[in-house]
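Data block below; observations after.
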Amino acid sequence: MSLSRFYAVDTMITDRFILEPSAQALLRDLGISTRRVLRRAAPLARRPGGRRTTITTADGTEIFYKDWGSGRPIVFSHGWPLSSDDWDAQMLFFLQQGYRVIAHDRRGHGRSEQVADGHDMDHYADDLAALTAHLDLRDAVHIGHSAGGGEVARYVGRHGESRVAKAVFISAVTPSMRQTTGNPDGRSPGACLRAGLAANRAQFFRDVAAGPFYGFNRPGSEPSEAVIQNW
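Numbering-wise (this note's numbering), the sequence shown opens with residue 225 and increments by one.
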């Protein structure tokens, strides 16, 4: 079947989408029917103008998000320094199961506005709250990985549980990494990151993906160059 006949929600902000071969391969690996995913996603692409894919927060920051399907909402919060694209495999899987799946690019990440300030958990939580309010999400399951886990925890603590049914933390950041009298084994969380980024930004990002992020530095692991490059 010609790819030109395929319509699906992708990462582009347009009202017409093509499911790329790499995405089709991913669906096959997951045992998911491509036709079924496309049938669920196609109504979004057919709507006049498509479903709005950005919001503007109270401090004027534009946040990009994906919102696919219908049913009970699952909201995904990504880790640093990634974007909502890092959740595509999981989003496609749960879309297949009949859920509505939502993920956003955190401020300063991906297609959201590249602002120089507001990079703290309070702002991240407020941005997430603005998104859930804009979409009027209720009885939602929130899933956070790494920094996204901190974002979800702060969101629930700061904005309450009225819209939240469950929260899932996957390798989430700790409440605090900073060295204090109460945490003498801590350290400055940004020290090694800033040093690596300042020395060689491109090499730093590749080393993280090729090493600890996916566990490729563990004995017996089989690194995937495609996964490393995609990160």
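Ideal Cβ positions, reconstructed from N, Cα and C, are used throughout, including at glycine. Only a predicted model underlies this, so the values are computations on that prediction, with no experimental measurement involved.
message = Taking DSSP's pairing of strands, which residues face residue 328 in a bridge?
response = 289
query: Assuming residue 401 contacts residue 411 under a Cβ cut-off of 8 Å, what Cβ separation, rounded to an integer in Å, is found between them?
result: 7 Å
Checklist entry - Looking at the unbroken alpha helix (DSSP H) that takes in residue 373, where does it start and where does it end? => result 371-383
Self-check item: Interface flag, residue 366 vs chain D, CB-CB below 8 Å
Solution: Any reference to chain D falls outside this structure, which holds one protein chain only.
| message | As a quick exercise: from 346, 385, 344 and 339, pick the residue whose alpha carbon is nearest that of residue 361. | response | 385
Give the C-beta separation of residue 396 and residue 368 to the nearest angstrom, bearing in mind that I take them to be a contact with Cβ-Cβ under 8 Å. 6 Å
* Beta-carbon contacts of residue 355 that lie in its chain and below 7 Å, excluding the five residues immediately before and after -> 279, 287, 289 and 328
So, helix, strand or coil for residue 451, using DSSP?
helix
Would the beta-carbon of residue 294 fall within 8 Å of that of residue 330?
no
Of all the options 321, 317, 421 and 339, which has the alpha carbon lying nearest to the alpha carbon of residue 285? 339
Q: From the DSSP output, read off the bridge partner residues of residue 366.
A: 299 and 391
For residue 186, does the count of other Cβ atoms within 10 angstroms reach 16, so buried, or fall short, so exposed?
-> Any property of residue 186 remains undetermined from this structure, which presents the chain solely from 225 to 455.
Give me whichever residues DSSP pairs with residue 279 in a beta bridge. 287
* Which residues DSSP lists as bridging residue 407, in chain order -> 404
Restricting to Cα atoms, I'd like to know which of 301, 416 and 454 is closest to residue 348. 301
**Message:** Less than 8 Å between the beta carbons of residue 353 and residue 383, yes or no?
**Reply:** yes
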